[in-house]
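**Q**
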Amino acid sequence: MNTHRNEDPDSLWWFEEVPCGRSRKQGLIQKKTFSRDLETFVREILQNSTDAREDPDDPIKVSFCLHEFDDRSAFEEALQWDELYRHVKAGGKDQDGHGLKDYVEYLEDGGTFRILIVEEENGKGIQGNEEDQDSDYAALIRDPGASNKGGSTGGRHGLGSTLLWVASGFQTVLFNSTLAEEMEGQTSPRLVGRCFIPTHEISEGECYANDGWFGSRSGMEREELQRPESIWGEAASDLADDLKMGRPNSNGTTIMIPGFRDPSDPAMDDQPSPEELCHEFEKSTADYFWPAIRAGDLEVEIDMCGHSSALTEDTIEDHERIAPFVTCYDQMREAPDSFKGPGTVAKTDEEYSIVSKKEDECEDDEEYPTPSDGYVTIAARKANPSDTEGPASEQLGEIAMFRGPGMVVKYKSGHYLGHSGNYHALLAAGKARTPPGESHDPVDEAIDDFLAMAEPPMHDRWYGEKNDELKAKYKYGAKGPADALSTKILRNGLSKILYNRSRRAGSLTRPGRDILPKTRSDLADDGRKRPPTPTTPPLLDWEIDDDIVGNKWMFTGSIGPNTERKQIADNPVDRWEATFEIVALFEDDKEADTVLIEDVDAEIVTGSGSITMTVLDDGEKGRIEAQGDVKMVEYEFEAQLPGRRARLGDVSKTRFKLTDGSVEVSS
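Just so we're aligned: 31 in this note's numbering is position 24 of the sequence shown, and the numbers increase by one with no gaps anywhere.
1) So C27 and E208 are in contact, right, with Cβ under 8 Å, and what is the actual spacing, rounded?
2) Which ranges does the alpha helix (DSSP H) cover as unbroken runs of at least 4 residues, wholly within the stretch 77–109, from first to last along the chain?
3) I'd like to check one pair, A386 with A353: are the Cβ atoms closer than 8 Å?
4) Whose C-beta lies closer than 6 Å to the C-beta of A66 among residues of the same chain, with five residues either side of it excluded?
5) Based on the DSSP secondary-structure assignment, which residues constitute the bridge partners of A609?
6) Tell me whether S502 is buried or exposed, calling it buried when 16 or more other Cβ atoms sit within 10 Å of its Cβ.
7) Going straight from the alpha carbon of H426 to that of A576, what length do you get?
8) Rounding to the nearest angstrom, what Cα-Cα distance links T314 and E327 in this structure?
9) Could you tell me the distance, in whole angstroms, from the CA atom of P568 to the CA atom of Y336?
10) On the three-pair Cβ rule with 8 Å, is the stretch 471–483 touching the stretch 417–435?
11) Can you tell me whether G176 is buried or exposed? The criterion is at least 16 other CB atoms within 10 Å of its CB, across all chains shown.
12) Give the DSSP-derived three-state secondary structure of K202 in the structure shown.
13) Check whether the Cβ atoms of D380 and S360 sit closer than 8 Å, and answer yes or no.
14) What's the C-alpha gap between E282 and T661?
15) Shortest alpha-carbon distance to D456 belongs to which of A390, G397 and K364?
16) Just to confirm, are L147 and F267 a CB contact at a threshold of 8 Å?
17) Tell me the DSSP secondary structure of H314 in three-state form.
18) To the nearest angstrom, how far is the alpha carbon of S280 from that of V416?
19) May I have a chain-ordered list of the beta strand (DSSP E) segments no shorter than 3 residues that lie completely inside the stretch 399–434?
20) Below 8 Å, can you find three or more Cβ-Cβ pairs linking the stretch 79–87 to the stretch 233–242?
21) I believe A633 touches R582 by the beta-carbon criterion, under 8 Å. Please report the beta-carbon distance rounded to the nearest angstrom.
22) Name, in chain order, the residues that DSSP records as bridge partners for R121.
23) Measuring straight from C-alpha to C-alpha, what distance separates V458 and S493?
24) Less than 6 Å between C-beta atoms, sequence neighbours within five positions excluded: which residues of the same chain meet that for A1?
25) Less than 8 Å between the C-beta atoms of S271 and E289, yes or no?
26) Can you look up H466 in the DSSP assignment and give me helix, strand or coil?
27) In the DSSP assignment, find the unbroken beta strand (DSSP E) run with M275 in it and report its ends.
28) Going by Cα to Cα distance, which pick from S195, E671 and A485 is closest to D245?
29) If you draw a straight line from the alpha carbon of D467 to that of E228, how long is it in whole angstroms?
30) Among I406, Q178, A435 and Y113, which one has its Cα closest to the Cα of D277?
31) For R652 and G614, I'd like the C-alpha separation in whole angstroms.
32) Can you tell which of G500, N499 and I631 has the C-alpha that lies nearest to the C-alpha of W549?
33) Could you work out which residue in I52, A97, L91 and R121 is closest to E75 when comparing CA atoms only?
34) Which residues bound the alpha helix (DSSP H) around E452?
35) Nearest to H422 by CA position, among P151, K438, T47 and L505, is which residue?
36) Indicate whether the contact test is met: 3 or more Cβ pairs, each with one atom in the stretch 48–56 and one in the stretch 93–106, closer than 8 Å.
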């Protein structure tokens with residue numbers, strides 16, 4: 008094996024010399040599977056840190072610090088700049104798309120060189136030795152893009168860690184780590200670096216592999232390594248100080264990204280200022296980690312060349328954009344089941360059942376079958392008038408969904424569930440339901456594990472469809488619970504909160520309002536042909552159409568109070584509802600099977616208020632409910648034919664049947 012090495016006696020940059028005719032590689036291919044933006048970058052770093060918390064009684068503290076260099080001579084010497092730079096420059100000539108070449112040109116044109124230091128306290132550090140196959144060291148340093156995630160972590164050191172290299176103009180990252188548990192022969196801190204660039208040729212016939220190592224020369228003499236290994240102890244500490252990545256007296260890891268850049272701008276066309284970086288890091292942290300911060304599990308400090316911010320348990324509520332969610336979170340466990348007025352919180356605990364892990368996927372100390380029948384908490388805060396303007400209004404009608412690690416997986420707009428309105432809501436699942444200081448319920452732990460496996464590498468949703476990891480780890484039937492949580496279960500829970508109303512003898516009790524009578528034509532209509540105009544116009548005006556999209560049967564339409572009715576035209580509408588079913592018809596207009604209604608989306612197109620769509624009787628019926636002066640709603644839903652009497656190709660048309668409905672107007 009031919010190698011290229013620097014003559015420094017203690018540390019070196021090393022790239023394996025390879026035959027020039029060997030297959031060429033572009034570096035970290037996984038970087039193309041992630042969104043290249045600062046928000047995703049911040050999410051991935053903080054997620055990995057919260058997963059790595061050592062003492063559960065104390066928060067993990069993470070700081071982001073940006074440095075800009077006027078004189079980088081001492082730093083360049085410590086980094087062995089010349090050796091690294093010549094490899095990076097050569098790699099840029101062979102890289103597809105923007106990246107190394109653009110950054111080299113940027114520097115040579117006088118661009119400002121930046122480094123970003125990410126430091127954590129109360130972390131576990133980078134555990135494992137150089138040879139381990141299943142360790143933090145293997146997943147983060149030796150084989151980035153692999154994952155050692157397990158249990159209810161958010162995916163510690165998984166695919167998302169590759170974003171560290173994407174954010175470097177050199178595609179290079181260094182690590183300095185103080186280990187909570189040291190193995191034989193290890194003395195913290197531990198310092199090591201990796202560079203991932205294309206296979207490159209420095210001079211004719213002198214070619215090198217696509218990945219480089221920064222570490223101790225001693226590893227070159229080890230038969231099982233023959234590459235640099237981690238630098239340990241006092242030598243690592245001294246070198247880290249020169250690299251501006253020395254550590255405090257606490258376990259955890261410090262990451263240094265040389266040539267830090269906005270990963271969404273690899274061409275270096277419009278890099279953000281330090282002030283803009285501070286704002287973006289602060290916003291991303293607050294938006295996605297307020298549950299962990301409010302719970303006292305995470306603290307974040309940001310210093311971008313003097314522009315600073317601190318996000319703690321006490322200051323997170325000062326961020327107006329997410330303050331209503333924080334209030335909702337604070338009150339969710341003791342909240343009643345209905346609002347008491349603007350600014351109040353209501354909640355419901357919805358039943359949620361998952362399937363068990365497969366027996367051979369259970370840990371040695373894990374019960375089999377794993378617990379499966381539990382609850383999730385859905386809560387909402389009714390907006391104050393002041394929340395409808397300013398930063399808080401930006402997320403009106405949205406639901407923050409999160410579980411144990413305290414990272415918001417997704418903000419879902421309520422109108423996709425048929426729940427438009429002035430509220431801020433949340434769905435707390437798994438260990439996120441546990442009050443501070445209390446032990447987790449075993450079923451909440453099981454749900455947390457299940458949802459961790461239901462997240463894609465980006466950790467931005469929960470899904471079961473085409474989730475091979477979930478299918479491999481859990482018994483048959485895992486898809487349904489994974490997909491239903493953020494659709495049917497969330498929709499039903501919000502319905503209970505937002506549309507809670509008293510009933511007497513099966514009728515709505517709303518003093519001062521008129522419930523208009525139905526006409527005969529409101530009861531059963533053909534969905535393609537409008538019925539003859541009756542003497543009294545029908546309560547509801549509607550349209551519906553269908554289309555085959557791939558192997559899906561999609562229905563779209565609109566519905567709302569019929570303004571041909573004088574009472575509706577002359578008075579504000581207070582609320583209305585319609586219950587309907589869809590029936591498939593043969594060519595002779597005889598009814599075949601009832602078309603089963605599945606996931607429904609709806610939104611208000613005329614008027615103001617809120618709506619909900621509910622699937623009834625296992626899909627045989629649907630119900631639309633509107634609160635406020637809602638004039639017209641557009642809806643879309645997927646449907647299927649469950650029975651044997653009709654195949655999709657046999658159906659010539661469908662019949663839209665209104666089986667019940669009412670419209671209430673103010674007196």
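Built from N, CA and C at the ideal position, the CB exists for glycine as well.
**A** Considering the structure as presented:
1) Right, the Cβ-Cβ distance comes to about 6 Å (below 8 Å), so this counts as a contact.
2) The qualifying runs are 80–86 and 88–100.
3) Going by beta carbons, A353 and A386 fall inside the 8 Å limit.
4) The identity of residue 66 in the sequence shown is Pro, whereas the question assumes Ala. If we look at P66 and ignore the five residues flanking it on each side, its Cβ neighbours are G303, D304, L305 and E306.
5) The partner list for A609 (beta bridge, DSSP) reads Y642.
6) Under this definition S502 is a buried residue.
7) In this model, H426 and A576 are separated by some 25 Å (Cα to Cα).
8) This sequence places His at residue 314; Thr is not what is there. When rounded, the distance between both Cα atoms is 20 Å.
9) Here the alpha carbon of P568 sits roughly 37 Å from the alpha carbon of Y336.
10) No: the two stretches stay apart, fewer than three of their Cβ pairs being nearer than 8 Å.
11) It counts as buried.
12) Sequence check: residue 202 is Cys here, not Lys. Note: C202 maps to strand in three-state DSSP.
13) In this structure, S360 lies closer than 8 Å to D380 by Cβ.
14) In a straight line, the C-alpha of E282 is about 59 Å away from that of T661.
15) Relative to the Cα of D456, the nearest Cα in the group A390, G397 and K364 belongs to K364.
16) If you check the CB distance, L147 and F267 do not come in under 8 Å.
17) If DSSP states are grouped into helix, strand and coil, H314 belongs with the strands.
18) S280 and V416 have their C-alpha atoms some 28 Å from each other.
19) Runs of the beta strand (DSSP E) inside the stretch 399–434: 405–409 and 415–420.
20) As far as the Cβ criterion goes, the stretch 79–87 does not touch the stretch 233–242, which means the pair count is below three.
21) About 6 Å separates the beta carbon of A633 from that of R582, a gap short enough to meet the 8 Å contact definition.
22) According to DSSP, which records beta bridges pairwise, R121 is partnered with E75.
23) The question names Val, but residue 458 is Leu in the sequence shown. Their Cα atoms are separated by approximately 11 Å.
24) Coverage of the chain is limited to positions 8 through 674, which leaves residue 1 absent and any answer about it impossible.
25) In this structure, S271 sits away from E289, with a CB-CB distance that is not shorter than 8 Å.
26) Of the three classes helix, strand and coil, the one that applies to H466 here is coil, per DSSP.
27) Unbroken run through M275: none, as it is neither H nor E.
28) Closest option to D245, Cα to Cα, is S195.
29) Each residue's Cα considered, the two are about 44 Å apart.
30) Comparing Cα-Cα distances from D277 to each of I406, Q178, A435 and Y113, the minimum goes to Y113.
31) Unreliable placement is indicated for R652, whose pLDDT of 39 sits below 50; the coordinate value is still reported in the next sentence. Taking the straight line joining both Cα atoms gives about 41 Å.
32) Nearest C-alpha to W549 among G500, N499 and I631: I631.
33) Of the listed residues, the one whose Cα sits closest to E75 is R121.
34) Per DSSP, the unbroken alpha helix (DSSP H) holding E452 starts and ends at P449 to M460.
35) Scanning P151, K438, T47 and L505 for the CA closest to the CA of H422 turns up L505.
36) With a cut-off of 8 Å, the stretch 93–106 and the stretch 48–56 do not count as touching, because too few Cβ pairs lie within range.
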